[in-house]
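Scroll down for the structure; my scribbles are underneath it.
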Amino acid sequence: MTIIKTRLIRLSSRIACFSTMSEYSREVVCTNTKFYLFLILFLSLGSLQSSWARDVQLSAPNILIILADDLHWRDLGATGNQDVHTPNIDQLAQEGLRLNGFFASSAVCSPLRHSLYTGLYPIRSGAYPNHTMVNPETRSIFHHLSELDYRVGLIGKTHIYPKVSFPFEHISSRAKDFNKAAAFINRDNEQPWFMIFASHEPHSPWHSGPRELYDADELSLPTWLHDNTVTRNALADYYAEISDLDAQVGRLLKIIEEANQSTETMVWFLSEQGSQLPFGGKWSLYDNGIRVAAFVRWPGRIVSDRSVDALIQYVDVAPTLVEIAGGKPQLVDTGNMRVTDGSSGFDGDSFISVLNGHHSAHREYVFAQNTTVGVYGYREPYPSRSVRDDRYKLIRNLASNNEFLIHGIHNQAVYRSWQEDSADNPELAEQIKWLSHRPPVELYDLRQDIFEKNNVAGHPEYMHVENRLGKALDLWMLEQGDLGIDTELKAKSRQHPGLEKNIKNKTMGKQ
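Going by the working numbering, the sequence shown opens with residue 73, and the numbers climb by one from there.
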């Protein structure tokens, strides 16, 4: 294209003196001009897909990721919850693209955040239990964007380790320190910035937000929650914290607007993973645990008020951001080798073509893992792995004879109240039993069974599906170096030193 531009400049200078040329010279100029104009038109049409990416790269947008903490994907007005008050997040969703098929690679905070920031699945990076750390030499999105001349910062919750793998400016440990957030955003208008706004809400304990907005007796309970007073009060407290999160989002977007940076800032909202309520999803690989509310807004670049069902994962975000910032994600070295081929690139792939509307599909499968070893109050190892396509999900519980029991669910008031009520409620008793004892294999037809209640594993009419998904899961585990139960038993070696004491001292804190 540079050569073509040079030729056109020369032609334009000749056209300027067109009237003084001979007839032959005029004919040559006309012929050459037509040829190069045709060539540019041809190349433009042929590179329509990449032109959006090039335009994006030339603009070097600011990038803001707003990350919630233990927010169930359904618990926003924008995703259909009519009880919760989230006007700012709802407006953000309406002004941007709703990614309906977005999934986590883990159902607990620390592995998920490592996955988001590295573009790697948890076991390959080494960060697979909770309160974890990546392998030495791991490089993250903070490296990659810094190398593309971005200022990089994080405000709020970290939960990642070691620091050398995440070289960001730590703006503040308090997400609500908006003065420091504003200072970072306004510091240098000549250099693009990348900021993670990692809220602590709505992680339990639920004690912030406008509780007066929620009458516990008037709430509509989701189908997976047992209805009693304790559950209703807890749900109201949880919703109040979601409204607190929403206020934070509104405040942050106002700062960007007042800085006159709205049109040049790409804003992401990600709900993290499910809530801590029983069957709310955290620590499980059901959609309640790993499906994500995800919205992306960029005025003038991403068409507003649109949704897409493409399957996408957290590992796809980092390569997408690298491409948007002007880099080449396929050339990035993450510092971690893939077992099967020795490559050191991302596990994820850029989905720019989904953001710009050129494609409505991205992945064939999304994968996830859950590790209980190292979670405070766990009783026995209870590792799970899953694979999902756009219709079916396969879950393997690798130690199904053990008991799934952890402090964050089983030692809370809501669960204890369910136990009391189950004495004369056989259906509830079965529900509680399922929470702690699951079969080795679970298979769900998500078009017929959106809440994953009817396990069809082993049914003859679904065996072809079970076999297909099983092969995909086997291959993924092989690529990741995942040895199943052996990997689970080594999980504590992947937690950073001195953590166990810290966990016990902050059992009910926001971790």
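A virtual CB, placed ideally from N, CA and C, is assigned to each residue, including glycine.
Whose C-beta lies closer than 6 angstroms to the C-beta of residue i among residues of the same chain, with five residues either side of it excluded?
| i | result |
| --- | --- |
| GLY480 | GLN348 |
| TRP296 | PHE351 |
| VAL339 | LEU136 and ARG369 |
| VAL438 | PHE175, LEU383, GLN385 and ARG460 |
| ALA288 | ARG304, ASN305 and ALA308 |
| VAL302 | ALA485, VAL486 and SER489 |
| SER276 | GLN348 |
| SER51 | Summary: the structure shown does not reach residue 51, with the chain confined to residues 73 through 583, and so no result is reported for it. |
| ASN469 | SER456, ARG510 and PRO512 |
| GLU572 | Bear in mind that the predicted position of GLU572 carries a pLDDT of just 49, short of 50, making it unreliable; the figure below should be weighed with that in mind. Same-chain partners within the cutoff: there are none. |
For residue i, which residues in the same chain have their Cβ closer than 7 angstroms to its Cβ, ignoring the five residues on either side in sequence?
| i | result |
| --- | --- |
| HIS215 | PRO239 |
| ASP359 | GLU524 |
| GLU209 | GLY407 |
| HIS272 | ASP141, GLY228, LYS229, ALA247 and LYS582 |
| GLY542 | LEU466 |
| SER334 | ILE328 and PRO371 |
| PRO401 | PRO391, VAL394, GLU395, PHE418 and SER422 |
| GLU436 | ASP461 |
| ALA433 | ALA382 |
| TRP145 | THR151, SER343, ARG363, VAL364 and ALA365 |
| PRO569 | none |
| GLY322 | ASN160 |
| TYR534 | LEU515 and VAL528 |
Would you mind sorting residue i into buried or exposed? The rule is 16 or more other CB atoms within 10 Å of its CB.
| i | result |
| --- | --- |
| PRO532 | exposed |
| GLU387 | Reading off the sequence, residue 387 comes out as Val, not Glu. Burial call: buried. |
| GLY530 | exposed |
| THR190 | buried |
| LEU307 | buried |
| ASN134 | buried |
| GLN552 | buried |
| ASN584 | Since the displayed the chain opens at 73 and closes at 583, residue 584 lies outside it and no answer follows. |
| THR204 | buried |
| SER187 | buried |
| ARG196 | buried |
| HIS279 | exposed |
| VAL236 | exposed |
| GLN121 | Bear in mind that a pLDDT of 46 at GLN121, under 50, signals an unreliable position, so the model cannot answer this. |
| ASP221 | exposed |
| ASN403 | What sits at residue 403 in the sequence shown is Leu, not Asn. Exposed, since its Cβ has fewer than 16 Cβ neighbours within 10 Å. |
| LYS564 | exposed |
| GLN491 | exposed |
| SER458 | buried |
On the DSSP bridge list, what partners appear for residue i?
| i | result |
| --- | --- |
| THR158 | None; THR158 has no bridge partner. |
| LEU403 | DSSP lists no partner for LEU403. |
| GLU241 | GLY225 |
| GLN567 | THR204 |
| GLY353 | SER347 |
| ASN442 | SER456 |
| GLY339 | With the sequence shown as reference, residue 339 is identified as Val, and Gly is not the correct amino acid for it. For VAL339, which the question treats as bridged, DSSP gives the partners LEU136 and ARG369. |
| ASN178 | Asn is not the amino acid found at residue 178; the sequence shown has Ser there. SER178 is bridged to GLN441. |
| ILE504 | Its beta-bridge partners do not exist; DSSP assigns none. |
| ASN469 | SER456 |
| ILE232 | ILE232 pairs with nothing; no bridge assigned. |
| GLN385 | PHE175 |
| LEU515 | LEU466 |
| ARG363 | PHE175 |
Take residue i and list the residues in its own chain whose beta-carbon comes closer than 8 angstroms to its own, dropping the five residues that flank it on each side.
| i | result |
| --- | --- |
| ARG246 | ILE227 and GLY228 |
| LEU285 | HIS157, TYR311, ALA312 and SER315 |
| ALA471 | GLU452, PRO453, TYR454, PRO455, ILE557 and GLU560 |
| GLN166 | ALA150, SER376 and ASP377 |
| LEU148 | VAL156, THR158, ILE161, ASP162, ALA165, ILE314, SER343 and ALA365 |
Helix, strand or coil for residue i, going by three-state DSSP, please let me know.
| i | result |
| --- | --- |
| LYS326 | helix |
| ASN134 | strand |
| MET409 | coil |
| ASP287 | coil |
| PHE269 | strand |
| TYR450 | coil |
| ARG185 | helix |
| ARG170 | strand |
| PHE380 | Correcting the residue identity first, residue 380 is Val in this sequence and not Phe. The answer is strand: DSSP assigns VAL380 an E or B state. |
| GLU551 | helix |
| ILE195 | helix |
| ILE478 | coil |
| PRO264 | coil |
### Task
Say whether the region 513-522 touches the region 460-467, bearing in mind that this needs 3 or more beta-carbon pairs closer than 8 angstroms, one atom from each stretch.
yes
### Message
Does the contact criterion of 3 or more C-beta pairs under 8 angstroms hold for the region 149-161 versus the region 312-325?
### Response
Because the criterion of three Cβ pairs below 8 angstroms is met, the region 149-161 and the region 312-325 touch.
### Message
Taking 8 angstroms as the cut-off, does the region 469-489 touch the region 508-515 (at least 3 CB pairs, one atom from each stretch)?
### Response
yes
### Query
Contact between the region 166-177 and the region 368-383: three or more CB pairs below 8 angstroms?
yes
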